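Peer 1: First to last, the protein sequences are chains P and H. Each residue of the first sequence is one higher than the one before, counting from 0 in numbering that gives the first Met the number 0. Each residue of the second sequence is one higher than the one before, counting from 0 in numbering that gives the first Met the number 0.
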Amino acid sequence: MNPALAWGLVIGMALSNIVIRLVPIAALSRLELPHVVHRWLSYVPVTVMSAIVATQLLKPGGAWMLRPDNPYLLASVPTAVVFHFTRSFLGATAAGVVSFLALRFLLG
Amino acid sequence: MMIPVDGAKPCSILTRMPRPTAPAGLAPTRRSRFARGARLGVPIFLGYMPVGAAFGLAATAAGFTVAQATACSALVLAGAGQFIGLAALVSSGNLAAALIATGVVNLRYLLFSATMAPHLKGVPRWQQVALAFTLTDETFAVNIADVREGRADRFSMTGVGAVSWIGWTLGTAIGAMAGSALGDPSRWGVEFAMPAMFVALLVGQVTGRRELLAAALAAVTALALSTVLQGQWPVVVAAIVAATVMTAVTE
Chain P
0 MNPALAWGLV IGMALSNIVI RLVPIAALSR LELPHVVHRW LSYVPVTVMS AIVATQLLKP
60 GGAWMLRPDN PYLLASVPTA VVFHFTRSFL GATAAGVVSF LALRFLLG
Chain H
0 MMIPVDGAKP CSILTRMPRP TAPAGLAPTR RSRFARGARL GVPIFLGYMP VGAAFGLAAT
60 AAGFTVAQAT ACSALVLAGA GQFIGLAALV SSGNLAAALI ATGVVNLRYL LFSATMAPHL
120 KGVPRWQQVA LAFTLTDETF AVNIADVREG RADRFSMTGV GAVSWIGWTL GTAIGAMAGS
180 ALGDPSRWGV EFAMPAMFVA LLVGQVTGRR ELLAAALAAV TALALSTVLQ GQWPVVVAAI
240 VAATVMTAVT E
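Structure below.
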């Protein structure tokens, strides 16, 4: 990786992150967000996560994997179940990685 | 340590905090409130270590040095945003595309930050910066719950943030060093750590029928767009389109 690209990503993300997180705290203590903006922002997390999950599970590495033995798709089930019942990112990630390894071993 | 609840509203506990002139032991000091927050942050610390390690592994697998991966987590502290920025940079080689992708993923922090804002009135600007810097899905969840119980203050929130930051940065450093030592990370199933984290985040976001509908719309749109758009653009555009459609339909 070109060091300029890597450091550019680090610095750029650091700046964009602090701006996004600080501006409302610094400014909105007085100002109110318009209702429609509030509503729109409330949908952004779920739509971002879902779009990411859909592409990562069905196009891992960029190529379609529309097969019943897709280990990414199958391993997402125990991941989701563990998170639903435990609310633990640690547990869900561990369950996901372990099932993924097991599935990849079993399915070849 | 219990913070005495003086019957005031949560907001005023935060804004009109007694100056810690009282001797230690009689009233909660800055340090004891920070320590209480730090204890609240321990589960986040434990949760961030492995995901941070997964980021460290992913970053070194993408060609980052240990220093670059660790600095990224130390300066950014955005789990999903970092993964998506890294993935976008690797797939497109284009810094602008990577920064736009991470910006869209992090748009939700506008909402979290706006939600925290009324509770941070009168907090010194340096501490607002520190609290904004450590604002993540998890610290937000812990702090807003603590605020609603009327127990949070700016020092406890700083404690939550500090412990979370240490977990994320330390985890990344360990993962990056392991990544350079272990070689091919795919042997360890690490390539599923990132999808697993996003699956868990998605499950946490689907709180009702509207969210389920929004998720389905975004997923279908992203997959359809992925046949014509490159890199992370399908995700970015699908998220914006689905959020806009859902807002238009439900307003």
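All C-beta atoms, glycine included, are put in the ideal place defined by N, C-alpha and C. In this text the structure is predicted, and so the values were computed from the model without any measurement.
Please list, in chain order, all residues of the same chain as M245 of chain H whose beta carbon is under 8 Å from its beta carbon, the five residues on each side excluded.
Peer 2: Indexing the second sequence from 1 puts residue 245 of chain H at position 246. Answer for M245 of chain H: R209, L212, A213 and L216, listed in chain order.
Peer 1: May I have the straight-line CA-CA distance separating G55 of chain H from N16 of chain P, to the nearest angstrom?
Peer 2: If you number the second sequence from 1, residue 55 of chain H lands on position 56. If you number the first sequence from 1, residue 16 of chain P lands on position 17. Their Cα atoms are separated by approximately 19 Å.
Peer 1: Taking the alpha carbon of V205 of chain H as the point to measure from, which residue in P:P23, P:V45, P:F82 and P:G95 has its own alpha carbon closest?
Peer 2: Mapped onto the second sequence, residue 205 of chain H falls at position 206. Measuring from the Cα of V205 of chain H, the nearest candidate turns out to be P:V45.
Peer 1: Roughly how many angstroms separate the alpha carbons of C146 of chain H and L74 of chain H, rounded to a whole number?
Peer 2: In the second sequence, residue 146 of chain H corresponds to position 147, counting from 1. In the second sequence, residue 74 of chain H corresponds to position 75, counting from 1. Just to set this straight, residue 146 of chain H is Val in the shown sequence, not Cys. Each residue's Cα considered, the two are about 26 Å apart.
Peer 1: Per DSSP, what kind of secondary structure is A214 of chain H in: helix, strand or coil?
Peer 2: Numbered from its first residue, the second sequence carries residue 214 of chain H at position 215. Helix.
Peer 1: Measuring alpha carbon to alpha carbon, tell me which residue in H:V202, H:T157, H:T226 and H:A221 is nearest A237 of chain H.
Peer 2: Sequence index remark: in the second sequence, residue 237 of chain H carries index 238 (1-based). Per the Cα distances, H:A221.
Peer 1: What do you reckon, are the CB atoms on L40 of chain P and L109 of chain H nearer than 8 Å?
Peer 2: As a working note, residue 40 of chain P is residue 41 in the first sequence. As a working note, residue 109 of chain H is residue 110 in the second sequence. Taking 8 Å as the Cβ cut-off, L40 of chain P and L109 of chain H qualify as a contacting pair.
Peer 1: Any Cβ of chain P within less than 8 Å of the Cβ of N142 of chain H?
Peer 2: Here residue 142 of chain H is taken as the residue at index 143 of the second sequence, counted from 1. Chain P, which has no Cβ nearer than 8 Å to the Cβ of N142 of chain H, makes this no.
Peer 1: Can you find a C-beta in chain H that's less than 8 Å from the C-beta of G61 of chain P?
Peer 2: By one-based count along the first sequence, residue 61 of chain P stands at place 62. Closer than 8 Å: yes.
Peer 1: Three Cβ pairs or more, each shorter than 8 Å: is that satisfied between the stretch 135-145 of chain H and the stretch 49-60 of chain P?
Peer 2: They do not touch, by the three-pair rule.
Peer 1: Does DSSP classify A26 of chain P as helix, strand or coil?
Peer 2: Residue 26 of chain P sits at position 27 when you count from the first residue of the first sequence. Correct three-state label for A26 of chain P: helix.
Peer 1: How about A94 of chain P and P77 of chain P: are their beta carbons less than 8 Å apart?
Peer 2: Taking the first sequence and counting its residues from 1, one reaches residue 94 of chain P at position 95. Taking the first sequence and counting its residues from 1, one reaches residue 77 of chain P at position 78. Yes, these two residues count as a Cβ contact at 8 Å.
Peer 1: Under 8 Å between the Cβ atoms of G46 of chain H and T157 of chain H?
Peer 2: What you label residue 46 of chain H is simply residue 47 of the second sequence in a count that begins at 1. What you label residue 157 of chain H is simply residue 158 of the second sequence in a count that begins at 1. The answer is no: Cβ separation not under 8 Å.
Peer 1: What is the rounded straight-line gap between the Cα of V227 of chain H and the Cα of V219 of chain H?
Peer 2: Counting from one through the second sequence, the residue named residue 227 of chain H turns up at place 228. Counting from one through the second sequence, the residue named residue 219 of chain H turns up at place 220. Near 14 Å, if we compare the C-alpha coordinates of V219 of chain H and V227 of chain H.
Peer 1: When you compare the CB positions of I173 of chain H and A52 of chain H, do they come within less than 8 Å of one another, or not?
Peer 2: To locate residue 173 of chain H, count along the second sequence from 1; it is residue 174. To locate residue 52 of chain H, count along the second sequence from 1; it is residue 53. It is a contact, given that the beta carbons lie within the stated cut-off.
Peer 1: Which chain H residues sit within Cβ distance under 7 Å of M0 of chain P?
Peer 2: For this step, residue 0 of chain P is matched to residue 1 along the first sequence. Simply A61, G62 and F63.
Peer 1: Buried or exposed for Q81 of chain H, going by 16 or more other Cβ atoms inside 10 Å?
Peer 2: One-based indexing of the second sequence puts residue 81 of chain H at position 82. Q81 of chain H comes out buried.
Peer 1: Report back the beta-carbon spacing between A86 of chain H and A96 of chain H to the nearest angstrom; my notes put them in contact at under 8 Å.
Peer 2: Residue numbering aside, residue 86 of chain H sits at position 87 when the second sequence is read from its first letter. Residue numbering aside, residue 96 of chain H sits at position 97 when the second sequence is read from its first letter. With a Cβ gap of about 11 Å, A86 of chain H and A96 of chain H do not count as contacting.
Peer 1: Any C-beta of chain P sitting closer than 8 Å to the C-beta of M245 of chain H?
Peer 2: Within the second sequence, numbered from 1, the residue matching residue 245 of chain H stands at position 246. It does: the Cβ of M245 of chain H has a partner Cβ on chain P nearer than 8 Å.
Peer 1: Is it buried or exposed, N1 of chain P, if we count other Cβ atoms within 10 angstroms and call 16 or more buried?
Peer 2: Here residue 1 of chain P refers to the residue found at position 2 of the first sequence. Classification for N1 of chain P: exposed.
Peer 1: Counting only C-beta atoms, is V227 of chain H closer than 8 Å to chain P at any point?
Peer 2: Locating residue 227 of chain H in the second sequence gives position 228, where the first residue counts as 1. So, not an interface residue.
Peer 1: Mind listing the chain H neighbours of R132 of chain P? Cutoff is C-beta to C-beta under 8 Å, in chain order.
Peer 2: Nothing in the structure corresponds to residue 132 of chain P, since chain P is present only between 0 and 107.
Peer 1: Consult DSSP for A26 of chain H and reduce its assignment to one of helix, strand or coil.
Peer 2: Within the second sequence, numbered from 1, the residue matching residue 26 of chain H stands at position 27. The answer is strand: DSSP assigns A26 of chain H an E or B state.
Peer 1: How many angstroms separate the CA atom of L56 of chain P from the CA atom of R66 of chain P?
Peer 2: Counted from its first residue, the first sequence places residue 56 of chain P at position 57. Counted from its first residue, the first sequence places residue 66 of chain P at position 67. When rounded, the distance between both Cα atoms is 11 Å.
Peer 1: Since L56 of chain P meets chain H, which of its residues come closer than 7 Å, beta carbon to beta carbon?
Peer 2: On the first sequence, residue 56 of chain P is found 57 positions in, with the first residue counted as 1. Those are P194, listed as they occur along chain H.
Peer 1: Can you give me the Cβ contacts of V240 of chain H inside the same chain, cut-off strictly under 6 Å, excluding the 5 residues immediately before and after it?
Peer 2: Along the second sequence, one-based indexing puts residue 240 of chain H at 241. Taken in chain order, the residues that qualify are T220.
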